[in-house]
Amino acid sequence: MAGQSVEGGLRFAVLGPVRAWREGQELDLGTPLQRSILGMLLLREGRAVTPAEMIDAVWGEDAPPRALGALRTYVSRLRTVLEPDRPARSRPELLTSIGRGYALRLPDNALDLTRFERGIAEAEAARKAGRLSAAAEGMRAALTLFEGEPLAGAVGPYAEHQRDRLAERRVSVIETLMDLDLQLGGHAAVVSELIALTAEHPLRERLRAQLMLAYYRCGRQGDALNVFTETREALIDELGIEPGSELTALHQRILAADPALTHVPPPAAPAEQAAGEPAAEEEPPALELPRPAQLPAAVSDFTGRKEVAVRVHTLLSAQSSAEGVPVVALCGIGGVGKTTLAVHVAHAADDLFPDGQLYADLRGHSDEVTAPESALGGFLRALGIPPDVIPDGLAERSALYRSLLSDRRILVLLDNARDADQVSPLLPGSPGCATIVTSRAKLADLPAARLIDLDVMEPDEALSLFSTVAGPERVAAEHGAAMDVVAACGFLPLAVRIVAARLAARPSWTVASLAPRLADEQRRLDELRVGNLAVEATFALGYGQLEPAQARAFRLLSLPKGPDISIGAAAAVLAMNMYEAEELLESLVDMSLLEATAPGRYRFHDLLRLFARRVLDKTERPEDKTLALRRLLGFYLASSRSAHRLAYEGSMIPDNLAVVGSGLTFTTVDEAVAWLISEGDSLFAAINQAATTSTDGEQLLPAADMLVAMEPLLEAGTHTREFDQGTRAVLAAALNLGDEAGELRSRYVLGRVLFAGNQLSESETHFRRVHELSETRGEKIVTGEVLNALAVVVGRQRRHTEALTLFDAASRYYRENGVPAGEALVLSYSARDHLGLGHAEDAIAAAEKGLAIFTEIGSGAGTARARYHLGIVLSRVGRLTEAVHHHAECLAFFRSSKQRVWEQRVCSRLAETFIAAGRYPDAVRHAEQALVVSREIGHPYGEALSLTVLGRALRGLGSAARSLDCLRQAYDVFTRLGAPEAGDLKLLLDGFAVERSVVES
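Sequential numbering from 2 applies to the sequence shown in the working numbering.
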């Protein structure tokens, strides 16, 4: 029988009726209620159970008035049954009392469930090692421990829940065993077993799929197809759904007689290879997508949570089921250990997900929530997708992400989620994967999620954690005081860890010395245990032990609203050098009050940030907070100015920025642009924060200047949406404050953003207002730039004469102010309007003069732009070889400096030149590159231009259908944008239609 063992001693069973044996003799466990209490104690595996928990577990809402007395009677009877020879009044050794609760101390291997899980773990290890026969034998042996319905005879809500869990675990193992049998060629042997299993579980698609495959391999294709038909009818009748993708795909493969469905014997494991048999020649490995391993490190002192960890692991182990993708949502108050548990289980389940793990902190309860698009971008990069081909939109990213996860077994951990809307786009769509979500919200509206509300630790678990962190010897010497300390922490894991860390860092303290420090907070912790204030009180305990410099850093670093902060930015906030700042930040990391996300980058946990800000408001003077934010903006502005100066040599803008303080310096354009891209989110967070908090123009000016200084980032095309939002926020603040300086700068950058989106009319309106403000205020920061920008905008609208007049004004301004780079820029841009008026010689002269000036002053960026415009002119006048040379030169520069907008433009122009030269394959190649870039950076006007030139190139190759499709797409985009090119394309499309009708007639 399942409970006996040749080793004798006490044995227990829950994988059937609740039973117990001593020395092979079955014990009388009494009434169903008494068996239910024993079953609960057995499943808690030595952890304490309070009387209230037992009463809820056994009686539920129908507990009698004297349930506590009855419970004590049942416990007393069980003690007598389990230890009949125990002397009267002596302490029980098996069913012990811990605090107010009870725990059953089991000998090792005494419970059938323990032996079952160990057997399955050994079988899984054999399967992973390729020893499939041993794995199947091990699983089959473990399954024999089940003797009917689990916990049979036990009553109450707890028994019902555990009965379902154990039954599900059994079926999940059977499904894995069936897979092994099929891999080993046992399809004929398992048909009858699968028929019985599918009758018992008619809606489990994985079992149905296994039966279909077994039938097919037995040559019974008709029976296999009938199984699918029956399954589909059952799913529609019972659940109103169609079969999942795995079952449907198998059905199609059977219909097509897919030869891959035929059984192929698995290769022998290394230990099973016949002696003397030559090893098979290894084929070169196929190119595979990378295996992501993004999980944070599991804590080495993880304690407790065994029951819920097993439950989560069991739910995840169903990841290959065709019934859907398992989603486990861990919910609970902040600091309760949701993330720690999730990471621990995820690492433990590594063997279930051989293709890797993905992790994202969604920061759902912070001021700056991680957008699903951003999380998907990180996932796609981790899955091997280059950043420059990741789509821009949420739907497109989500679709690509799910496609990459199809037919892979990957675990996704979504940490700190805000709500179901944030999580849904991040869920895998195909069986084989699984997801763990942690959130303070219950996420009851997350479809198909199994919700687990995580409570505080058990008393013995909290004590064990405290002992591990603070030191076992010290805690063992003061056991009673240690229990008082963890009780004062409300058994909240984060609170326990922080207090223990304080003790570990102070060898002269005793455990008892902590008790009075916690006494004043004990009432508040008890009252606010389920809310954020419980965590706030816990953080206050750690904060109270900081040195003055640490405490000041902890407070002030909560001011910036960016997702994280670099050492340089932190040093600016704290008004100290980077070495001092790093030492302080690392000390806060050591005390778990700050997280190091990467070398040189730090962030707060969202609740710690909230706590720090509240302390800040109580401690720091308003003027000190304002100064700290000014120092941060000063650092960002100075660094952005350095980047701008490198990217645009000779520009007047850097010298007209209101920089106060110092920042980073860069040695190359690539380094400068890379810093802007990596720091972009933090830069825009600082800009938006300044727009929200500034009370006068002086406070707002650094944020407005930052927008102008970050122009190289705008050219990179990676933060177009952020530029739009940031400029509008600063503009609104400037208008509200009556700040014309901020208005001038924000309108200029907003005009640039709108121009990039081909919103020409609105862009022109902003530029004209900027020009007006520049004239009336006498500000020079963008005077020449806005005249040039206005000229480009009106030229785009084919008002070429007006454009040349504006270019002349810009050129005069630059000459008068001694800015040759500005004059060269104007000459280069004006060439296209000379062409628009049919003045080819003037166009060539202007473009060549602009290039000569940029070359003379040594401006790399300016030279590249001048070559771009000269190449356009030369291509239009038929000097094609020279045009290709200039465009190839500037393309190399724009690619190396990550200026994606310009990269798209040059590729498109190269395609036009190759069309003119009749080199249609080269034209198609460059047009397709331009189209890819324009879509990646979300540039609809560039997309339409790319589609137009691609359509023309394809027509040259004779691909009429594809050509017409591209031109129609381009026409639709141009029409939507209100671009004049729509009219040109309509004439072209009409001409094609006439040609086609003539040919067809």
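For every residue, glycine included, the Cβ atom is placed at its ideal position computed from N, Cα and C. Computed from a predicted model, the values in this text were never measured in an experiment.
Just to check my reading of the structure: residue i and residue j have Cβ atoms closer than 8 Å, yes? What is that Cβ distance to the nearest angstrom?
{"i": "Q970", "j": "E716", "result": "Wrong, their Cβ atoms sit about 26 Å apart, outside the cutoff."}
{"i": "H870", "j": "G718", "result": "H870 to G718, Cβ: 20 Å. No contact."}
{"i": "L377", "j": "L427", "result": "7 Å"}
{"i": "V19", "j": "L28", "result": "Actually they are not in contact, since the Cβ atoms of V19 and L28 sit about 11 Å apart, beyond 8 Å."}
{"i": "A924", "j": "G957", "result": "7 Å"}
{"i": "V874", "j": "I854", "result": "In fact, because the Cβ distance is near 16 Å, the residues do not count as touching under 8 Å."}
Quick one, are the C-beta atoms of residue i and residue j less than 8 Å apart?
{"i": "A513", "j": "V470", "result": "no"}
{"i": "V771", "j": "Y749", "result": "yes"}
{"i": "V574", "j": "L586", "result": "no"}
{"i": "S747", "j": "L755", "result": "no"}
{"i": "E650", "j": "S860", "result": "yes"}
{"i": "A155", "j": "G40", "result": "yes"}
{"i": "R441", "j": "P355", "result": "no"}
{"i": "A742", "j": "L702", "result": "yes"}
{"i": "E247", "j": "E206", "result": "yes"}
{"i": "A49", "j": "P460", "result": "yes"}
{"i": "G357", "j": "P293", "result": "yes"}
{"i": "L152", "j": "R164", "result": "yes"}
{"i": "V670", "j": "L638", "result": "no"}
{"i": "L452", "j": "C332", "result": "yes"}
{"i": "L1005", "j": "G863", "result": "With the chain covering only 2 through 1002, there is no way to say anything about residue 1005."}
{"i": "R209", "j": "V191", "result": "no"}
{"i": "L43", "j": "L112", "result": "yes"}
DSSP puts residue i in a beta bridge; with which residues?
{"i": "L1", "result": "Residue 1 lies beyond the range of the chain shown here (2 to 1002); nothing can be said about it."}
{"i": "T436", "result": "V328, V413"}
{"i": "R12", "result": "W22"}
{"i": "Y603", "result": "I566, A597"}
{"i": "S98", "result": "Y103"}
{"i": "E27", "result": "W22"}
{"i": "V50", "result": "Y103"}
{"i": "I453", "result": "L331"}
{"i": "A168", "result": "Paired residues: none, contrary to the question."}
{"i": "A153", "result": "P18"}
Count the other CB atoms, across all protein chains shown, that sit within 10 Å of the CB of residue i; report buried if there are 16 or more and exposed otherwise.
{"i": "A1053", "result": "For residue 1053 there is no data in the structure shown, the boundaries of the chain being 2 and 1002."}
{"i": "P868", "result": "Note that residue 868 corresponds to Arg in the displayed sequence, not to Pro. The residue in question, R868, is buried, as its Cβ has 16 or more Cβ neighbours within 10 Å."}
{"i": "E528", "result": "The predicted model places E528 with a pLDDT of 28, which falls under 50 and marks its position as unreliable, so this point remains unresolved."}
{"i": "L986", "result": "buried"}
{"i": "H835", "result": "buried"}
{"i": "E712", "result": "buried"}
{"i": "D521", "result": "Low per-residue confidence applies at D521: pLDDT is 49, beneath 50, and the placement is therefore not dependable enough to give any value."}
{"i": "G664", "result": "buried"}
{"i": "I121", "result": "buried"}
{"i": "D706", "result": "buried"}
{"i": "L647", "result": "buried"}
{"i": "T177", "result": "buried"}
Keeping to the same chain, check which residues put their C-beta closer than 7 Å to that of residue i; ignore five residues upstream and five downstream.
{"i": "A127", "result": "A135, A136, G139"}
{"i": "L589", "result": "Q551, A554, F555, L595"}
{"i": "Y1003", "result": "Shown here, the chain extends from 2 to 1002; a query on residue 1003 therefore has no answer."}
{"i": "E944", "result": "L932, S935, R936, V974"}
{"i": "R963", "result": "L955"}
{"i": "A225", "result": "M213, Y216, Y217, I255"}
{"i": "T620", "result": "R556"}
{"i": "A599", "result": "none"}
Who are the near neighbours of residue i in its chain, counting only those whose CB is closer than 8 Å to its CB and skipping five residues on each side?
{"i": "L990", "result": "L965, L968, R969, Y972"}
{"i": "E284", "result": "Interpretation of E284 is limited by its pLDDT of 40, a score under 50 that renders its predicted location unreliable; the figure taken from the coordinates is listed afterwards. There are no such residues."}
{"i": "W903", "result": "E716, A865, R866, Y869, C891, F895"}
{"i": "I654", "result": "H645, V709, A710, E712, I782, V783, E786"}
Taking 6 Å as the limit between beta carbons, can you name the residues of its chain near residue i, skipping five residues before and five after?
{"i": "R524", "result": "Here the model assigns R524 a pLDDT of 44, short of 50, so the residue's position is not dependable, and the following value carries that caveat. Cβ neighbours of R524 beyond the five flanking positions: none."}
{"i": "Y360", "result": "Q295, L296, L414"}
{"i": "A58", "result": "M41, G157, Y159"}
{"i": "R953", "result": "I916"}
{"i": "A272", "result": "A caution first: A272 carries a pLDDT of 49, below 50, which makes its placement in the model unreliable, though a value can still be read off. Result list for A272: empty, nothing under 6 Å."}
{"i": "R602", "result": "D565, S567"}
Could you tell me whether any non-hydrogen atom of the ligand FAD is closer than 7 Å to the CB of residue i?
{"i": "P18", "result": "Inclusion of the ligand FAD in the displayed structure is not the case, the ligand content being empty and no account of it being possible."}
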